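These notes are about the structure you will find just below.
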Amino acid sequence: MAYLTDRKRARGLGSAKTGTAHFWAMKVSSVALLILIPLFVFTFGAALGGTYEEIVAYYARPFPAIVAALTIVVSFKHFNDGAQTMIEDYVHGMAQKIAIILLTCISYGAAAVGLFAIARLAL
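All the letters of the sequence shown, read from the start, carry residue numbers 49 to 171 under our numbering.
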């Protein structure tokens, strides 16, 4: 039976050194989404029920296109940070590295597809 103190169990694990940056990134993106999501719902809701030409004309205006693009970028960045934190906590070894790379590729890829769709509508 080993008598280990809490300090002895934690020794050698080290600090991740990015905890504060992750914390602030999540808080800033949360506050940004607190503003962007209702704004997106109201701007997107105004376009519902229209024909294709009306939707294209609506998103050709700068404000709805910018709101949609900002919402997409901030949402996927927030998703990436949160899911990466979960992976870092619960997955270890090589699987952790692969999962983080896969997560980053998926989240940035989905954001790029969303931005491309908004750009196609807006331009």
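C-beta atoms are modelled at their ideal positions from N, C-alpha and C, and glycine is treated no differently.
Quick caveat, the model's predicted, so the values are computed rather than measured.
Proximity winner among the options, relative to residue i (alpha-carbon distances)
i	options	result
G93	P112, S77, I120	P112
L81	Y100, A158, L118	L118
L171	M74, H140, G162, A105	A105
K75	D129, V139, L150	D129
W72	T133, P86, T91	T133
Buried versus exposed call for residue i [16 or more other C-beta atoms within 10 Å across all chains shown]
i	result
V122	buried
T68	exposed
F124	buried
I166	buried
L150	exposed
Legend entry - Entirely enclosed alpha helix (DSSP H) segments - the stretch 54-106, minimum 4 residues: 54-58, 67-93
Inset, instruction - Write down every uninterrupted run of the alpha helix (DSSP H) in the stretch 104-154 whose length is 4 residues or greater and which is fully enclosed by it, in chain order. - result: 110-138
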